[in-house]
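Colleague: Residue numbers (the numbering used here): 6 to 163.
Even glycine gets a Cβ: it sits at the ideal position worked out from N, Cα and C.
Please see the structure below; I have some questions.
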């Protein structure tokens, strides 16, 4: 568990570096949000095992040896920092009308699903995702599909 925890924290630090532009994006811009999501999609396409590890450890049952207990008071923990960066950006964006009036508590897990699920399952679903699930063409298609889903966070353009 200690090794898994160390790998988890190191992987989360890399993800935090990718989402850090959201912390500095004040006022929030839709373009920054999409650039960060694209960077995360690229990162996990390059490192699908990191996506698998993160998702596994985040959803491990409490009685599992893989469970890494994280409390709200652990403000320095990478997961809490990630949620804080995402939540703060979404709060600012919602308050300024950059996003629609969305539920932040629902939006963060939805974002995680959009970014983490595909690289987590792609190699096991080759019949569905294809042999080149992380190739350049598939990566661009993945971003286009993610953008289409993420557009729902924002009010319709006039």
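#1: Report the option in 99, 12, 13 and 140 whose CA atom is closest to the CA atom of residue 34.
#2: Between residue 13 and the rest of its own chain, which residues show a CB-CB distance below 6 Å, the 5 nearest in sequence each way excluded?
#3: Using 8 Å as the threshold, is the C-beta distance between residue 85 and residue 151 below it?
#4: Using the three-state DSSP reduction, which class does residue 67 fall into: helix, strand or coil?
#5: Taking the beta carbon of residue 147 as the centre, do at least 16 other beta carbons fall within 10 Å, making it buried, or is it exposed?
#6: Could you name the residues of the same chain whose beta carbon sits closer than 7 Å to that of residue 163, not counting the 5 residues immediately before and after it, in chain order?
#7: Cβ atoms of residue 18 and residue 83: under 8 Å apart, would you say?
#8: Considering only residues of the same chain and omitting the five flanking positions on each side of residue 106, which have a CB-CB separation below 8 Å?
#9: Closest by CA to residue 123, which one among 112, 139, 39 and 11?
#10: Does the beta-carbon distance from residue 8 to residue 56 come in below 8 Å?
Modeller: In this structure, then:
#1: Within the chain shown, residue 34 is the residue found at index 29, counting from 1. The option with the nearest alpha carbon to residue 34 is 99.
#2: Position 8 of the chain shown, counting from 1, holds the residue named residue 13. Answer for residue 13: 62, listed in chain order.
#3: Position 80 of the chain shown, counted from the first residue, corresponds to residue 85. Position 146 of the chain shown, counted from the first residue, corresponds to residue 151. No; because the gap between Cβ atoms is not below 8 Å, this pair is not in contact.
#4: What you label residue 67 is simply residue 62 of the chain shown in a count that begins at 1. Correct three-state label for residue 67: coil.
#5: Position 142 of the chain shown, counted from the first residue, corresponds to residue 147. The residue in question, residue 147, is buried, as its Cβ has 16 or more Cβ neighbours within 10 Å.
#6: In the chain shown, the residue the question calls residue 163 occupies position 158. Because residue 163 sits at a pLDDT of 44, beneath the cut-off of 50, its placement in the model cannot be relied upon, and the point is left open.
#7: Position 78 of the chain shown, counted from the first residue, corresponds to residue 83. Position 13 of the chain shown, counted from the first residue, corresponds to residue 18. Their beta carbons are under 8 Å apart, which means residue 83 touches residue 18 by this criterion.
#8: As a working mapping, residue 106 is identified with position 101 in the chain shown. Correct list, in chain order: 99.
#9: The residue given as residue 123 occupies position 118 in the chain shown. The residue with the shortest Cα to Cα distance from residue 123 is 139.
#10: The sequence position of residue 8 within the chain shown is 3, counting from 1. The sequence position of residue 56 within the chain shown is 51, counting from 1. It is not a contact, given that the beta carbons lie outside the stated cut-off.
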